[in-house]
Amino acid sequence: MLTSEQLEIAHLIIDAVNLEDIEAEEIDPQAAIFNDGLGLDSIDALEISLELSKKYGVKIKSSDENINQIFSSISTLTDYVQSNKQN
Amino acid sequence: MLSFLFDCQRTLEEVNEHWLHEPFIYLDNNGLCLTRWEILQVALQVNQSEFNDQQSEIKSAIILFQQRHYFLISLLSIALSNGRAILPPNLTAHTLQNLINQNSNLNVFSDTLPEELQEQEHINSEKIDQVIEKVKSNQKRFDQKKLVEILSSILDAQIWLYTSGSTGAPKKVIKTWKQMFNAAELAIERFNLMQPCNIIATVPSQHMFGLETTIFWPLLSKASIWHERPIFPEDILSAVQVNEKNPALLVSTPLHLNKIQAFDLTWPKGLERILSATAPLSTQLAKKLEQNLQTRVYEVYGSTETASIASRETTHTLCWKPYRKISFIKLKNQGYAVSSPGIESIQPLHDNIELLDDNHHFILGQRDTDLIKIAGKRASLTELNHHMQTIKGITEGSFFYSENSKRLTLFIVSQLTRHDILMVLRQLIDPAFLPRPIIFVEKLPRNNVGKILYSELSALLKS
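As structure tokens, this is what we get:
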């Protein structure tokens, strides 16, 4: 079950990368976003980060040491956004 | 440029020595770097420890490293045994199994191993880092004779690259180091890379455009290169500022550039040029980039078979200017072939071109509609459809690509679930081409001779 913050991130991802055939509510918050999970790639990561910067003012760099951790699931991404958001 | 390396008659030892000891691959923002001479020494040692076993059979190595220094060291070390460097088009089980079948003595340069490659000899970055450390602490004196010897010995070594031909199956393109050197020489001249500059590239070294711009151009010119393949704009920004002494040159694709310019960032003055390739760049996007990033935008034209052969400044002209020594030959039936020092014989072009003058300036015509490009990767719809139709439980289906959507749509007649279909497709095709969305239909719209009606698929997608 997704929290309301997680649901918001799930919607943002779906809109950003055009996953029209997935319902946000269906996504497992702990499941992988990339490759084996939703099957997203680096351009998707870029699109998601663009939306995150617009909506929350969060800036993501891949030289952030925990980048893989941040993007590993809806749950970890939501936690990162919540603790780094500017607006 | 290359002639100066090989021309021992001219006493250019000093020039060579200087060039070889200049910063070449930047490893961090504090000036830590590798020089060309260091890279050569590391590659020699890796070759000694990994490939020098006197076995007569041909050695091959798949190179999966994304970081430029690990990639180049791997590429050189296999070439030093006159082996094959294999740059796979994707990492699907299907592709990797084929490569294993074709190469009995197969090594892998990578930090992570796909399941199919678990059995192969494996060289990771930790091993290479150890050699780098050794070389850094015990530099061998520069030796002009040795350099010429090394470069001469690898000229015939092969690099296997892949493209999706319009006929369906991925097509292997074999390039020798000599051909890559010859092609690089022309590009270096065109982009004035004998003037020091820093290259930052978002493209992988495993594809032709990346191989040229991140490996061969900087190796043979005075350009340096940032070691990572940055994805996020913040990373590109910090890489651009790595050496503020020299202008920066960003190598990317229209898809990536379109995203980058959408971020609200302040770009430094040092980004002198952007080179874009792999898909057409709109004039509108080129204008935006020039305005927002305070830079000049150039497009590069080429293919896996030909390497890059022409360029244009997108905001100034529609017309492509071929590199020096490139010429086009009209073919009997239709279309053109290209002749270049970077290819063995002449190579027919996939694109229709219209020559404008005696200097072979040209404009590009309609592209083959079977070939699509997504995220800088090329695939053939025929090939994708072929893979999809091998899935048990699919009655019929068709991939659909429209210029307006960023990804492919799959129209499908099947009882399988979306999840099941994606699970199998992931084994067969590159993730960039996984369909979004998958649309289930009762049957595909066809005309009276059975041809799929793409106009109706397009209407279905819009509805």
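Protein sequence lines, in the order shown, are assigned to chains A and B.
For the record, in the first sequence the residue sitting at position 86 is 85 according to numbering that gives the first Met the number 0, with numbers rising by one throughout.
For the record, in the second sequence the residue sitting at position 428 is 427 according to numbering that gives the first Met the number 0, with numbers rising by one throughout.
Every residue, glycine too, gets a C-beta built ideally from N, C-alpha and C.
Just the C-alpha distance for Ser82 (chain A) and Trp159 (chain B), rounded to the nearest angstrom, thanks. Start at 1 with the first residue of the first sequence, and residue 82 (chain A) comes out as number 83. Start at 1 with the first residue of the second sequence, and residue 159 (chain B) comes out as number 160. A direct Cα-to-Cα measurement between Ser82 (chain A) and Trp159 (chain B) gives close to 46 Å.
With distances taken Cα to Cα, identify the nearest neighbour of Leu51 (chain A) among A:Val80, A:Leu1, A:Thr2, A:Leu6. Walking along the first sequence from the start, residue 51 (chain A) turns up at place 52. Of A:Val80, A:Leu1, A:Thr2, A:Leu6, the residue nearest in Cα terms is A:Val80.
Distance, Cα to Cα, Ser74 (chain A) vs Gln5 (chain A)? Reading the first sequence from its first residue, position 75 is the one you call residue 74 (chain A). Reading the first sequence from its first residue, position 6 is the one you call residue 5 (chain A). Looking at the two C-alpha atoms, the distance is approximately 6 Å.
So, does the CB of Lys84 (chain A) fall closer than 8 Å to a CB anywhere in chain B? For this step, residue 84 (chain A) is matched to residue 85 along the first sequence. No, Lys84 (chain A) does not count as interfacial toward chain B.
First through last residue of the alpha helix (DSSP H) which encompasses Ser74 (chain A): On the first sequence, residue 74 (chain A) is found 75 positions in, with the first residue counted as 1. Here the alpha helix (DSSP H) through Ser74 (chain A) covers 73–83.
If you reduce the DSSP assignment to three classes, tell me which class Pro22 (chain B) lands in. Counting from 1 along the second sequence, the entry for residue 22 (chain B) is found at position 23. Correct three-state label for Pro22 (chain B): strand.
At the level of alpha carbons, what is the spacing between Arg83 (chain B) and Gly301 (chain B)? For the purposes of this step, residue 83 (chain B) is taken as the residue at position 84 of the second sequence. For the purposes of this step, residue 301 (chain B) is taken as the residue at position 302 of the second sequence. Going by the C-alpha atoms only, they are around 23 Å apart.
Closest to Glu115 (chain B) by CA distance: which of B:Tyr161, B:His93, B:Asn102 is it? Start at 1 with the first residue of the second sequence, and residue 115 (chain B) comes out as number 116. When B:Tyr161, B:His93, B:Asn102 are compared, the shortest CA-CA separation from Glu115 (chain B) is found for B:His93.
Contacts around Gln65 (chain B), its chain only, beta-carbon distance under 6 Å, and the 5 residues preceding and following it disregarded: As a first step, residue 65 (chain B) is located in the second sequence; it is residue number 66 there, counting from the start. Answer for Gln65 (chain B): Arg228, listed in chain order.
Suppose contacts are defined by Cβ-Cβ distances below 8 Å. Is Ser476 (chain B) in contact with Ile62 (chain B) by that definition? This structure does not reach residue 476 (chain B), given that chain B is present from 0 up to 462, and the question cannot be answered.
Should the stretch 383–400 of chain B be called in touch with the stretch 427–447 of chain B, which here means at least 3 C-beta pairs below 8 Å? At 8 Å Cβ cutoff, the stretches touch.
So what does DSSP say about Arg189 (chain B), is it helix, strand or coil? In the second sequence, residue 189 (chain B) corresponds to position 190, counting from 1. Here DSSP, grouped into helix, strand and coil, assigns Arg189 (chain B) to helix.
What does the Cβ neighbour count give for Asn67 (chain A), buried or exposed, with the cut at 16 atoms within 10 Å? Within the first sequence, residue 67 (chain A) is the residue found at index 68, counting from 1. Looking at its Cβ environment, which holds fewer than 16 other Cβ atoms inside 10 Å, Asn67 (chain A) is exposed.
CB Leu355 (chain B) to CB Phe327 (chain B), shorter than 8 Å? Position 356 of the second sequence holds residue 355 (chain B). Position 328 of the second sequence holds residue 327 (chain B). In this structure, Phe327 (chain B) does not lie closer than 8 Å to Leu355 (chain B) by Cβ.
Could you tell me whether the Cβ atoms of Leu348 (chain B) and Gly364 (chain B) are closer together than 8 Å? On the second sequence, position 349 is the one that residue 348 (chain B) refers to. On the second sequence, position 365 is the one that residue 364 (chain B) refers to. No Cβ-Cβ contact shorter than 8 Å links Leu348 (chain B) with Gly364 (chain B).
Per-residue contacts from Glu46 (chain A) into chain B (C-beta, under 7 Å): For this step, residue 46 (chain A) is matched to residue 47 along the first sequence. From the beta-carbon of Glu46 (chain A), the residues of chain B found nearer than 7 Å are Lys258.
Residues bridged to Phe361 (chain B) [DSSP beta-bridge criterion]: By one-based count along the second sequence, residue 361 (chain B) stands at place 362. According to DSSP, Phe361 (chain B) bridges with B:Trp319, B:Leu354.
For my contact list, Glu211 (chain B) and Lys135 (chain B) are in at a C-beta cut-off of 8 Å; report their separation, rounded to the angstrom. The residue labelled residue 211 (chain B) in the question sits at position 212 within the second sequence. The residue labelled residue 135 (chain B) in the question sits at position 136 within the second sequence. In fact, because the Cβ distance is near 28 Å, the residues do not count as touching under 8 Å.
Could you say if the stretch 190–205 of chain B and the stretch 237–246 of chain B meet the contact criterion of at least three C-beta pairs nearer than 8 Å? Between the stretch 190–205 of chain B and the stretch 237–246 of chain B, the count of Cβ pairs shorter than 8 Å is three or higher; the stretches touch.
Using the C-alpha atoms, what's the distance from Ile259 (chain B) back to Ile437 (chain B)? Taking the second sequence and counting its residues from 1, one reaches residue 437 (chain B) at position 438. Taking the second sequence and counting its residues from 1, one reaches residue 259 (chain B) at position 260. The straight-line gap from Cα to Cα measures roughly 28 Å.
Just how far apart, CA to CA, sit Leu256 (chain B) and Ala44 (chain A)? For the purposes of this step, residue 256 (chain B) is identified with residue 257 of the second sequence, where counting begins at 1. For the purposes of this step, residue 44 (chain A) is identified with residue 45 of the first sequence, where counting begins at 1. In a straight line, the C-alpha of Leu256 (chain B) is about 14 Å away from that of Ala44 (chain A).
Three or more C-beta pairs under 8 Å: does that hold for the stretch 417–426 of chain B against the stretch 371–391 of chain B? Enough Cβ pairs lie closer than 8 Å, so yes.
DSSP state of Ser397 (chain B), grouped into three classes? Numbered from 1 along the second sequence, position 398 holds the residue referred to as residue 397 (chain B). Strand at Ser397 (chain B).
CB contact below 8 Å: Asp234 (chain B) versus chain A: Translated into positions along the second sequence, residue 234 (chain B) becomes position 235. Taking Cβ atoms only, chain A reaches closer than 8 Å to Asp234 (chain B), which makes this a yes.
Boundaries of the beta strand (DSSP E) in which Leu274 (chain B) is found, first to last residue: Counting from 1 along the second sequence, the entry for residue 274 (chain B) is found at position 275. In this chain, the beta strand (DSSP E) harbouring Leu274 (chain B) covers 270–275.
Own chain residues within Cβ distance below 7 Å of His226 (chain B), not counting five before or after: For the purposes of this step, residue 226 (chain B) is taken as residue 227 along the second sequence, with counting starting at 1. Within the same chain, His226 (chain B) has close Cβ partners Ile24, Tyr25, Leu26, Gln66, Arg67, His68.
Quick check on the burial criterion: 16 or more other C-beta atoms within 10 angstroms. Buried or exposed for Lys268 (chain B)? Here residue 268 (chain B) refers to the residue found at position 269 of the second sequence. Around the Cβ of Lys268 (chain B), a 10 Å sphere holds fewer than 16 other Cβ atoms; the residue is exposed.
Apart from the five residues on each side of it in sequence, which residues of its chain come closer than 6 Å, Cβ to Cβ, to Gln85 (chain A)? Your numbering for residue 85 (chain A) matches position 86 in the first sequence. Only Gly56 meet the Cβ criterion.
Does the beta carbon of Pro347 (chain B) sit closer than 8 Å to a beta carbon anywhere in chain A? Numbered from 1 along the second sequence, position 348 holds the residue referred to as residue 347 (chain B). Not an interface residue.
Going straight from the alpha carbon of Gln119 (chain B) to that of Ile8 (chain A), what length do you get? As a position in the second sequence, residue 119 (chain B) is number 120, starting the count at 1. As a position in the first sequence, residue 8 (chain A) is number 9, starting the count at 1. Whole-angstrom Cα-Cα distance: 40 Å.
So, using beta-carbon positions, are Ala182 (chain B) and Leu219 (chain B) closer together than 8 Å? Within the second sequence, residue 182 (chain B) is the residue found at index 183, counting from 1. Within the second sequence, residue 219 (chain B) is the residue found at index 220, counting from 1. Taking 8 Å as the Cβ cut-off, Ala182 (chain B) and Leu219 (chain B) do not qualify as a contacting pair.
Tell me whether Thr2 (chain A) sits in a helix, a strand or coil according to DSSP, three-state version. On the first sequence, residue 2 (chain A) is found 3 positions in, with the first residue counted as 1. Looking at Thr2 (chain A) - three-state DSSP - the assignment turns out to be coil, as it is neither helix nor strand.
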